[in-house]
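Structure record follows, encoded as structure tokens.
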Amino acid sequence: VVEAIKDLVQDCNFDCNDDGIQLQAMDNSHVALVSMKLSTGAFSPFRCDRNIALGINLNSLMKVLRAAGNDDILTLKAEDQPDSLNLVFESPGQDRMSEYDIKLMDIDQEHLGIPETEYAATISLPSAEFQRICRDLSALSESVSIEASKDGVKFSCSGDIGNGSVTLRPHTNVEDESKSTSIALTEPVNLTFSLKYLVNFCKASSLSGSVQLCLSNEVPLLVEFKMGAGYLRFYLAPKIGD
Amino acid sequence: PPKQATLGSFFKLP
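From first to last, the protein sequence lines stand for chains E and Y. Per the numbering used here, residue 259 is the first one in the first sequence, and the count goes up by one each step. Per the numbering used here, residue 39 is the first one in the second sequence, and the count goes up by one each step.
This is the structure in structure tokens:
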């Protein structure tokens with residue numbers, strides 16, 4: 259998760275309570291927002307005696323996380339009114355244990371109220387497919403138009419060297435649900451977004467085999483990666499004409 | 039060309 263969001267947001271409050279750990283942060287330009295939830299089910303055990311916000315610089319956190327082995331068991335601990343977050347990595351065979359503390363910071367964060375939205379179009383597709391489309395089209399242009407109709411979803415762009423488009427049609431993979439593409443639509447939508455941000459969101463592709471795109475005309479796009487016990491959501495403000 | 043909107047115009051600050 260940290261790897262997936264660290265290029266978008268730098269200083270974040272990890273809000274801990276009985277439900278788990280949540281994070282909401284906007285990028286510096288206020289164009290994109292990250293919203294993450296790791297429910298208690300993601301941890302074993304999880305204990306939180308009182309609500310607490312852990313202000314963490316993600317670059318610092320990454321420096322420490324890189325010291326962990328892929329299969330290590332990670333324990334995160336913070337005291338009441340903490341100055342630091344304690345991280346312990348234990349190898350699966352328990353023959354190696356490393357321990358780090360990283361300094362916490364006070365982050366005065368504006369929490370945005372995200373209205374409950376009934377989106378006009380909800381598209382599920384393999385996350386690798388979405389990543390490929392964003393990468394391919396970003397070679398041609400800074401922006402992509404996403405046009406959803408009952409026939410399919412079309413990603414198109416135009417730039418100095420020419421233009422390009424990718425159209426996906428609904429498709430069911432009976433063996434692997436995450437490889438299916440589905441489109442639920444109440445009305446057609448057509449919106450334009452910055453590819454730079456979408457390419458950035460796709461760093462979360464390794465967290466989930468499928469991704470959900472939720473669109474309504476003239477509102478921010480929601481890109482959601484569902485995780486076993488939580489989610490990673492990205493909101494992106496559209497580009498709007500005159 | 040279309041202009042980039044910011045989230046503040048869609049989401050409410052508390």
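A virtual CB, placed ideally from N, CA and C, is assigned to each residue, including glycine. Keep in mind that this is a model prediction, so the values were computed, not measured.
Chain Y within 8 Å of residue i, Cβ atoms only
i: Met485 (chain E); result: no
i: Lys365 (chain E); result: Checking the displayed sequence, the identity of residue 365 (chain E) turns out to be Ile instead of Lys. Not one chain Y Cβ lies under 8 Å of Ile365 (chain E).
i: Leu291 (chain E); result: yes
i: Thr450 (chain E); result: yes
i: Leu370 (chain E); result: yes
i: Ile263 (chain E); result: no
Closer than 7 Å at the beta carbon, the chain Y residues around residue i
i: Met320 (chain E); result: Simply none; closest approach about 25 Å.
i: Lys454 (chain E); result: Ordered by position in chain Y, no residue passes the 7 Å Cβ test against Lys454 (chain E), which lies about 10 Å from the chain.
Interface partners of residue i on chain Y, CB under 9 Å
i: Gly420 (chain E); result: In chain order: nothing, as chain Y lies at least about 17 Å away.
i: Gly499 (chain E); result: Pro39, Pro40, Lys41
CB contact flag (residue i, residue j, <8 Å)
i: Leu453 (chain E); j: Asn421 (chain E); result: no
i: Leu296 (chain E); j: Val322 (chain E); result: no
i: Asn286 (chain E); j: Met363 (chain E); result: no
Chain-ordered chain Y contacts of residue i [CB-CB under 8 Å]
i: His429 (chain E); result: By Cβ distance, chain Y contributes nothing, its closest Cβ being about 30 Å from His429 (chain E), past 8 Å.
i: Leu323 (chain E); result: The contacting residues do not exist; Leu323 (chain E) stays about 28 Å from chain Y at best.
Environment of residue i [buried if 16+ CB atoms lie within 10 Å]
i: Gln389 (chain E); result: buried
i: Ser468 (chain E); result: buried
i: Asn458 (chain E); result: buried
i: Met355 (chain E); result: exposed
i: Gln352 (chain E); result: exposed
i: Gly488 (chain E); result: buried
Closer than 8 Å, Cβ to any Cβ of chain Y: which residues of the region 464 to 495 of chain E, in chain order? Val477, Pro478, Tyr493, Ala495
By the 8 Å beta-carbon criterion, what residues does the region 282 to 307 of chain E contribute toward chain Y? Met284, Ser287, His288, Val289, Ala290, Leu291
Scan the region 400 to 424 of chain E for residues whose Cβ lies nearer than 7 Å to a Cβ of chain Y and list them as they occur along the chain. none
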